[in-house]
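So the sequence shown is numbered by our numbering: it starts at 408 and just counts up by one.
The beta carbon of each residue, even a glycine, is placed where N, CA and C say it ideally should be.
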Amino acid sequence: LDFADHVGSAYFAQIWIAGLIALALQTSFLTPPFGYALFFAKMAAPKGINLSDIYRGAVPLVAIEIALIAALISFPQLITWLPEMALGDADAPQLIQR
């Protein structure tokens, strides 16, 4: 897929998509049906803590991550500004490939 028409350059589109995928994967570790991080928290929690308590505690984190994903979709510059500052112009990928 070529998102260059939408983002500016194909290189920064790849960075944007990679950032979104990373954040979506992190969110998947906190949401059922899998929610591996929640099960790990249950195993480490004291005896009186139920899995439903852990789920309720994770709701604010998931809400923040969903809001962050929406912001990053709306404003791709939030992900791409650091590579632009570090690498300079859109020709930067050619510098990396040398």
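*Between the Cα of A429 and those of A448, F447, I476, spot the shortest distance and give me the residue it belongs to.*
If you compare the alpha carbons of A448, F447, I476 with that of A429, the shortest gap goes to I476.
*Indicate the three-state DSSP secondary structure (helix, strand or coil) for A452 in the structure shown.*
Looking at A452 - three-state DSSP - the assignment turns out to be coil, as it is neither helix nor strand.
*What three-state label does DSSP hand T438 in the structure shown?*
If DSSP states are grouped into helix, strand and coil, T438 belongs with coil.
*asked:* Check whether the region 421–440 and the region 472–487 touch, using three or more Cβ-Cβ pairs below 8 Å as the test.
replied: Yes, since at least three Cβ pairs between the region 421–440 and the region 472–487 fall closer than 8 Å, the two stretches touch.
*How many whole angstroms separate the CB atoms of I461 and A448, which I take to be in contact at a CB cut-off of 8 Å?*
Taking C-beta atoms under 8 Å as the contact rule, I461 and A448 qualify, at a distance of about 5 Å.
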